[in-house]
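Please read the structure below before turning to the comments.
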Amino acid sequence: VAAAADAQARDATGPRPAATAEQDAAVRAVLDAGEGFRCHLLHGVTGSGKTEVYLRLAAHMLAQGKQVLMLVPEIALTPQLEHRVAERFAVARVVSLHSGLADGARSRGFVQALSGHADIVLGTRLAVFAPLPRLGLILVDEEHDASYKQQEGVRYSARDVAVWRARQRGVPVVLGSATPSLETWYHARNERYVLQVLKQRAVAAAMPTVRCIDVRRLKLDEGLGPGLLAAIAQRLERGEQSLVFLNRRGYAPVLSCPACGWVSRCPHCSANLVVHLADRRLRCHHCGCDGGIPHACPSCGNQDIQPFGRGTQRIEARLAELFPQARVLRVDRDAARTRKQWETLLATIAEGGADILVGTQMMAKGHDFPNLTLVGVIGADASLHAADFRAPERLFQQLMQVGGRAGRGTLPGEVLIQTEYPAHPLYQHLARHDFDAFARMELQARRSAGFPPFSHQAMLRADAPALDDAVEFLRHARRLVEAHALAGLRIYDPVPMRMTRLARRERAQLLVEADQRGVLQAFLADWVAVLYRQRTARELRWQLDVDPLDV
């Protein structure tokens with residue numbers, strides 16, 4: 263394996279186009295840092311360019327007889343990366359680790375990693391715990407992705423664990439993203455991390471053109487404006503592919519009765535049941551509650567109940583009506599529940615078996631379709647007014663990632679964003695592909711408000727059958743320590759969570775914030791010890807989440 267990898271590394275030298283020269287510079291920067299821990303941020307506009315850097319670094323480590331850990335945020339991204347790794351390192355022993363594997367296969371993968379028989383371990387956040395005696399390098403692709411944070415059971419951030427593990431083992435770690443999290447970008451700008459930038463795409467000559475379409479005075483057809491429909495028609499005439507992006511599954515987010523105001527609320531959650539017209543079901547996307555679509559209003563008997571809003575199924579159906587000659591393909595969790603279904607969808611798209619794609623965030627990253635030249639975005643404005651201070655960051659990341667699907671081959675790409683706020687600074691920075699300007703703007707706002715990374719947070723959450731019990735526990739937890747709170751520490755009042763009821767349990771939260779990480783960690787160590795000594799009701803559960811993603 264080492265000889266083959268070394269030969270591949272030698273073959274990789276020679277004359278390079280400009281994009282590959284940047285890759286060479288990034289590889290040299292990581293290797294020139296020498297042995298020992300160093301965290302590198304690979305900030306690139308091209309996914310294939312980042313992957314090439316990963317593979318060259320992996321080749322160097324394999325040539326030295328070391329193991330490589332490669333993390334991706336979602337299972338859906340593993341097949342493509344597995345193919346590229348297997349193609350590059352035909353004689354290396356590659357092990358995949360993710361929750362989609364059977365228990366036996368996952369156990370065998372961990373044993374192969376522990377015994378040193380695995381040369382490359384590739385997987386999702388689960389793989390960060392793989393025991394690797396010859397570990398030489400950790401690679402974290404799309405480091406900004408929220409999927410790296412485990413939100414149930416034992417809570418952890420696989421990205422942060424990867425950085426901590428690299429420090430513990432004294433090996434380099436590379437965080438890659440075209441749109442890094444603001445915390446990571448801030449560390450890189452303050453030289454806590456080493457910043458490497460890839461400015462040019464690997465194949466395409468230029469980034470796709472981004473245009474904001476003002477829809478305030480336009481009559482939309484199921485959310486589709488005339489400009490977007492005309493652009494799709496042009497691509498159909500040229501034999502090119504289009505993607506309509508809407509990050510909402512189902513046919514419509516709610517079913518309602520206009521006569522009495524009844525809405526399809528979930529009986530177990532503070533959420534609505536989503537209309538899935540394809541199989542005539544109402545489903546909760548939070549607890550999984552499932553039921554049939556009623557023929558009449560359960561409250562007043564009115565038969566004229568209507569779906570309100572739109573999801574990918576509704577857009578798919580309308581596009582099929584508007585373009586009957588086109589092959590419309592929906593790509594979301596409902597269409598790809600298994601890995602086999604997902605691979606079939608990817609193969610269909612790659613082979614040109616679809617003209618118009620309707621997709622959610624599954625299509626936003628990690629995929630190269632050379633014939634895809636148009637991305638149309640609908641329904642993005644809602645995130646501009648969300649209560650979570652991280653919502654603008656997530657929106658910019660999502661739109662930049664999904665826009666990057668257009669024009670990845672030799673054909674020019676175009677991104678059309680339907681919005682009622684075309685002059686919003688976020689969209690203006692997006693149109694210029696200027697992540698740095700957006701990051702500076704957001705960080706200035708966060709500095710003024712005292713939000714991370716200028717403060718450090720932890721969230722104590724409690725849930726019980728009754729909301730009062732959860733809130734009372736949090737009040738008691740606050741009283742236990744508020745008299746002994748350290749300087750620079752702020753303990754806020756307990757409040758119900760935004761989705762108060764989930765799966766028949768009422769939820770509340772208490773935020774703790776500190777200006778210094780050390781102060782917060784010292785406080786939490788003492789607080790958790792005190793909390794474990796408290797006697798609580800059998801039905802009450804509590805958990806502590808450090809660096810919460812949702813506040």
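So in the working numbering, spot 462 of the sequence shown is number 724, and the numbers just go up one at a time. Beta carbons: idealized from backbone N, C-alpha and C, even for Gly. For clarity, every value in this text was computed on a predicted model and none was experimentally measured.
For the alpha helix (DSSP H) that contains residue i, what are its first and last residues?
i, result
"Leu584", "574 to 584"
"Val373", "365 to 377"
"Gly665", "653 to 665"
"Val781", "779 to 794"
"Ser710", "697 to 711"
"Gln603", "601 to 612"
"Val813", "Neither: Val813 is in no alpha helix (DSSP H) and is coded neither H nor E."
"Asp630", "Note, Asp630: premise wrong, no alpha helix (DSSP H); not H, not E."
"Gly550", "Taken as a continuous stretch (DSSP letters only), Gly550 belongs to no alpha helix (DSSP H), as it is neither H nor E."
"Leu444", "444 to 451"
For residue i, which beta-bridge partners are listed by DSSP?
i, result
"Thr471", "Glu676"
"Ile567", "Answer is none; Ile567 lacks a bridge partner."
"Cys301", "Val435"
"Glu768", "Ala726, Arg763"
"Arg834", "The displayed coordinates of the chain run from 263 to 813. Any statement about residue 834 would go beyond what the structure contains."
"Arg355", "Bridge partners of Arg355: none, in fact."
"Leu313", "Per the sequence presented here, residue 313 reads as Thr, with Leu not at that position. Answer is none; Thr313 lacks a bridge partner."
"Gly621", "Phe507, Val593"
"Ala720", "Val774, Val808"
Whose C-alpha, out of the options, is nearest the C-alpha of residue i?
i, options, result
"Phe391", "Met624, Val373, Ala711", "Val373"
"Thr446", "Pro488, Gly675, Val402", "Val402"
"Thr762", "Cys528, Val590, Gln587, Arg800", "Cys528"
"Arg355", "Val334, Leu333, Lys328", "Lys328"
"Ile577", "Thr622, Gly362, Gly712", "Thr622"
"Ala799", "Gly750, Gly671, Leu736", "Leu736"
"Glu297", "Val315, Gln326, Lys481", "Gln326"
"Leu802", "Gly641, Ala724, Gln796, Pro810", "Ala724"
"Asp730", "Ala770, Gln503, Leu678, Phe716", "Ala770"
"Ile618", "Leu376, Trp426, Ala644, Leu636", "Leu636"
"Met759", "Leu772, Arg599, Gly432, Arg595", "Leu772"
"Ala588", "Ala597, Val620, Ala642, Arg601", "Val620"
"His902", "Gly666, Pro560, Glu768", "Here the chain comprises residues numbered 263 to 813, so residue 902 is not present and cannot be evaluated."
"Met332", "Met703, Glu349, Ala492, Val357", "Val357"
"Gly523", "Arg478, Ile494, Ala492, Pro569", "Pro569"
"Gln796", "Tyr754, Asp809, Arg741", "Arg741"
"Val677", "Ala514, Arg473, Val456", "Arg473"
"Phe585", "Glu314, Leu491, Lys411, Val433", "Leu491"
"Gly362", "Trp604, Val456, Arg478, Arg752", "Trp604"
"Gly554", "Val537, Ala440, Gln565, Val781", "Val537"
Would you grab the beta carbon distance between residue i and residue j for me? Rounded to a whole angstrom, and I think it's under 8 Å.
i, j, result
"Val459", "Gly306", "7 Å"
"Ser409", "Arg387", "7 Å"
"Gly438", "Leu304", "4 Å"
"Leu343", "Val334", "6 Å"
"Gln575", "Ala540", "6 Å"
"Thr610", "Leu591", "7 Å"
"Gly485", "Ile475", "Their Cβ separation, rounded to whole angstroms, is 12 Å, which puts Gly485 and Ile475 out of contact at 8 Å."
"Arg510", "Gly573", "5 Å"
"His360", "Ile337", "5 Å"
"Arg593", "Ala626", "Looking at the sequence itself, residue 593 is Val, so the reference to Arg does not match. So it is not a contact: roughly 11 Å between Cβ atoms."
"Phe785", "Phe713", "In fact, because the Cβ distance is near 19 Å, the residues do not count as touching under 8 Å."
"Val506", "Leu384", "Going by Cβ atoms, the distance from Val506 to Leu384 rounds to 31 Å, so no, they are not a contact pair."
"Phe631", "Arg595", "The Cβ separation is near 19 Å, so there is no contact."
"Asp643", "Thr600", "With a Cβ gap of about 33 Å, Asp643 and Thr600 do not count as contacting."
"Asn633", "Gln783", "The pair is not a contact, with the Cβ atoms about 51 Å apart (cut-off 8 Å)."
"Ala450", "Leu457", "4 Å"
"Tyr448", "Leu705", "6 Å"
Are the C-beta atoms of residue i and some chain D residue less than 8 Å apart?
i, result
"Gly780", "Any reference to chain D falls outside this structure, which holds one protein chain only."
Could you pull the start and end residues of the beta strand (DSSP E) that residue i belongs to?
i, result
"Val516", "516 to 518"
"Gly638", "634 to 639"
"Met332", "329 to 333"
"Asp807", "803 to 808"
"Gln503", "503 to 507"
"Asp286", "Element bounds for Asp286: not the beta strand (DSSP E) but the alpha helix (DSSP H), 280 to 294."
"Leu397", "397 to 403"
"Leu457", "456 to 460"
"Leu384", "382 to 385"
"Val590", "590 to 593"
"Arg545", "543 to 545"
Suppose the cutoff is 8 Å on Cβ atoms and the five residues either side in sequence are ignored; what does the same chain contact list for residue i look like?
i, result
"His530", "Cys546, Cys549, Cys551, Arg763, Leu764, Ala765, Arg766"
"Leu293", "Leu319, His322"
"His686", "Leu646"
"Tyr316", "Met332, Leu401, Asp403, Val436, Gly438"
Excluding the 5 residues preceding and the 5 following residue i in the sequence, name in chain order all residues of the same chain whose CB lies nearer than 7 Å to its CB.
i, result
"Ala739", "Leu722, Leu772, Leu793"
For residue i, which residues from the same chain have a beta carbon less than 6 Å from its beta carbon, with the 5 sequence-adjacent residues on both sides left out?
i, result
"Val263", "In this prediction, Val263 has a pLDDT of 43, which is less than 50 and means its spatial position is unreliable; what the coordinates show is noted afterwards. So the qualifying residues of the chain are Leu324, Val353, Ala354, Asp381."
Compute the minimum distance between the beta carbon of residue i and the heavy atoms of the ligand ZN, and state whether it is under 7 Å.
i, result
"Ala375", "Ligands in the displayed structure: none, and consequently the ligand ZN is not present."
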